[in-house]
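Enquirer: Residue numbers (numbering that gives the first Met the number 0): 0 to 638. Glycine is no exception: its CB is placed at the ideal position from the N, C-alpha and C atoms. Treat the numbers as computed from the prediction; the structure is a model and nothing was measured.
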Amino acid sequence: MSLSVVSRVENGLTVLFDKGIDKIKTKASVRTNDAGRVCVEAPKTQVTWLTVGVRLILGVGLVSNLCMGVLIYTNWKSTQEVSDKTNALLDLNAGLNAELRESISQLQAKYLKIPDMLTVDPAGAVKKQIQAAFTLDGEEILEGRPNYGKYFKRRQRRDISKGKFVVQVKDGQLIVSKGLTDDRGQFTDNVSMMYIQTLDPQGDMDKIKTIIRTEEASADSEDALKKKIAELNARLADEGLAAEEARTKILYHVDQIRAQEDDLGAFRAARQKTMMLIAGITIALNLIVLYIMTSFHVERPLKKLTQTIEQINAGESVSIPYQKRKDKIGVLAGVLQSFQGALQNLRAADERKQREQAVIQELILTMTQMIEDLQTKSQAMKTASFDLYELAGKTNDQSDTATTAIGRTEQNTDSVAHAAGSLQNSVQNIHAQVETQNDLVTDINKVTRRSMDNIQDLNTASQEIEEIIKIVKNIAGQTKLLALNARIEASRAGDAGKGFAVVANEVRDLSLQTEAANQEIEAKISAIQSACSQMIESTQGVESLVGTLSEAGTRIFDSVKDQRDLSDMIARNAEATSDDVHDLSERVTTVKDAARETRRLSEDVRTHSSDMEAALGDLLAGAQEKLGQIGDNTSLTIC
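#1: Would you identify the three-state DSSP class for T134, choosing helix, strand or coil?
#2: Measure the C-alpha to C-alpha separation of P200 and Q172 and round it to an integer number of angstroms.
#3: In whole angstroms, what separates the C-alpha of E596 from that of E519?
#4: Quick check on the DSSP output: the beta strand (DSSP E) that includes K302 runs from which residue to which?
#5: Under 8 Å, with one C-beta from each stretch per pair, do the stretch 311-320 and the stretch 286-296 reach the 3-pair mark?
#6: Could you pull the start and end residues of the beta strand (DSSP E) that I159 belongs to?
#7: Give a yes or no on whether the C-beta atoms belonging to D386 and N453 are separated by under 8 Å.
#8: Per the DSSP calculation, S191 is bridged to which residue(s)?
#9: If the criterion is Cβ atoms closer than 8 Å, does the pair V446 and K393 meet it?
#10: Would you kindly work out how many angstroms separate the C-alpha atoms of P300 and L331, rounded to a whole number?
#11: Taking the C-alpha atoms as reference points, what is the distance between Q512 and R351?
#12: Could you give the first and the last residue of the continuous beta strand (DSSP E) run that contains Q167?
#13: With 16 as the cutoff for other CB atoms within 10 Å, does Q79 come out buried or exposed?
#14: With distances taken between CB atoms, is the gap from V502 to A530 smaller than 8 Å?
#15: Considering only the alpha carbon of each residue, which of L335, A613, T403 and I291 lies closest to V62?
#16: Rounded to whole angstroms, how far is the Cβ of M274 from the Cβ of L65, which I believe are closer than 8 Å?
#17: Excluding the five sequence neighbours on either side, which residues of its own chain have a C-beta within less than 6 Å of the C-beta of G162, listed in chain order?
#18: Assuming I103 and I210 form a contact by the criterion Cβ under 8 Å, report the distance between their Cβ atoms to the nearest whole angstrom.
#19: For I637, which residues from the same chain have a beta carbon less than 7 Å from its beta carbon, with the 5 sequence-adjacent residues on both sides left out?
#20: Pick helix, strand or coil for Q172, following the three-state DSSP scheme.
#21: Report buried or exposed for S532, applying the criterion of at least 16 other Cβ atoms within 10 angstroms of its Cβ.
#22: Compute the Euclidean distance between the alpha carbons of R157 and V175, then round it to the nearest angstrom.
#23: Could you compute how far the alpha carbon of R507 sits from the alpha carbon of Q336?
#24: Within its chain, find whatever has a CB closer than 7 Å to the CB of E139; leave out the 5 residues flanking it on each side and keep chain order.
#25: Would you mind working out which of E214, A216 and R246 sits nearest L95, comparing C-alpha positions?
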């Protein structure tokens, strides 16, 4: 039953909460002015910087920048190609210039060598004939007079300085020496020495001198000069052919340079035409984009909104387009949506107020029923604590009776120990007292178990009350939320909602009182649960002691039986019985103390139960009074 009641209350509060949130979230507010006219106030829509004008500028600017980018890229590409062609032309000119410079340098070098070509030098011919006729052991060049002066005599050194050959035999080896001269015939102070293998140094020396004289004589003859001139003419003919080939190559390069210059001029003219074409396309695209964006972003939305306004004037419920736009079109669409929503809210206001009144009435009945259930549970817990108190008293009385019986048993046992003559009678009395004691222990055990059951019932009842308190807490929270929604609605209603503001304040006071009562009840429930835990522990101790007492009674009964059957064991059994009875007396005393503590704790439980019952009674009276006021005020203000 408690779960179903809570479910109904939560459903009712949820409906009120949703209605309050819907009113808070309403996009348009409706109010009545002093003249009695209904006014619709549209919320202010935050317009972003991306307006229609900005969009047009961005669109046109984007297309312009795109076309300018294409134009810049085309210009850059053209410049790059012109640069490549210019560089190729410059490279061709540079190659031609380098080739001309190299040809001129070669011609100059060859021109300077013409005198050398007309000069007849017999040294080369002599050297060739010597190498052909003899085998050389080696050849070296001595640089400086200190190096070569020791090998020659004064006359020989003079011939060496004039560039002549000197043939000598030294240490059995034939040596041919010659002074080296530069291009102007000046001695360089260097001497070339050839070492020749020979078996007849003197004869070979004569042969070499003959070769030298023959070549020197031939160099001074007219035939040698003619031969040089013939060689020079052949050389000049070859150089003339090479010069003709160079001229042809230069003319070819010149033709290439002229062709590339013409190609470069035509390319520049074509690129200028391309630039002008791209500029014209850019202007045309800007005009087209401006027309398209104006048509789609301004003209078409305005036509659509005009048709929507005509449908709203005709009483139709339509979907307002362009509400998500953040420009002036979106603002206009938001105003139309707010106006349409305000008209719909006016029609639904009466129906919503009637539903809210029904929900509040159902909430009043549900809360009253739940508080009455709490009071019933509190009374049941009070009755259980009173029963527990009575059971604790009975346990204490039974403990006193057991203590008296144990005292008598102890006296009888002492009599048995001191009076062996009256052993049979004492044994019979002890047997009877032991039976009585066992009966009492059995009764104590039963009472203890009943106490345990009652304590468990009390603990269960306190847990159920704790669950109900949680439900009441939830109701108090929902009541606070209801009060908040009511205050918001009252503030929105203005002067017409003053009565509803009184209801909101009363609901808030009720929720605060309910929360304070819940905290007080929760503290008392905690104290009751703590007392129950202590009582359970005490009762368990009593039950353990009763078990021990029962075992001791059994042992006493067996001892008495043995005394009756075995008269020769009287003294020893009497002593053992005395010890057991003394121990039993101590345990009964412990049971008595535990019963007294149980009684005290049950008195605390009964006190807390009475306080909780009184608090629930006050809560019920206050809640009924407040809820009654809420019902009266609601019936007066919600129309």
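Expert: So, to answer that:
#1: coil
#2: 7 Å
#3: 26 Å
#4: Element bounds for K302: not the beta strand (DSSP E) but the alpha helix (DSSP H), R299 to N312.
#5: no
#6: Where I159 is concerned, there is no enclosing beta strand (DSSP E), although the alpha helix (DSSP H) it sits in stretches over R153 to S160.
#7: yes
#8: I140 and K177
#9: yes
#10: 10 Å
#11: 29 Å
#12: F164 to K169
#13: exposed
#14: no
#15: I291
#16: M274 to L65, Cβ: 16 Å. No contact.
#17: G178 and T180
#18: About 42 Å separates the two Cβ atoms, so there is no contact after all.
#19: In this predicted model, I637 has a pLDDT of only 32, less than 50, meaning its place in the structure is not dependable; the value taken from the coordinates is given anyway. So the qualifying residues of the chain are K352, E355 and Q356.
#20: strand
#21: exposed
#22: 15 Å
#23: 35 Å
#24: M192
#25: R246
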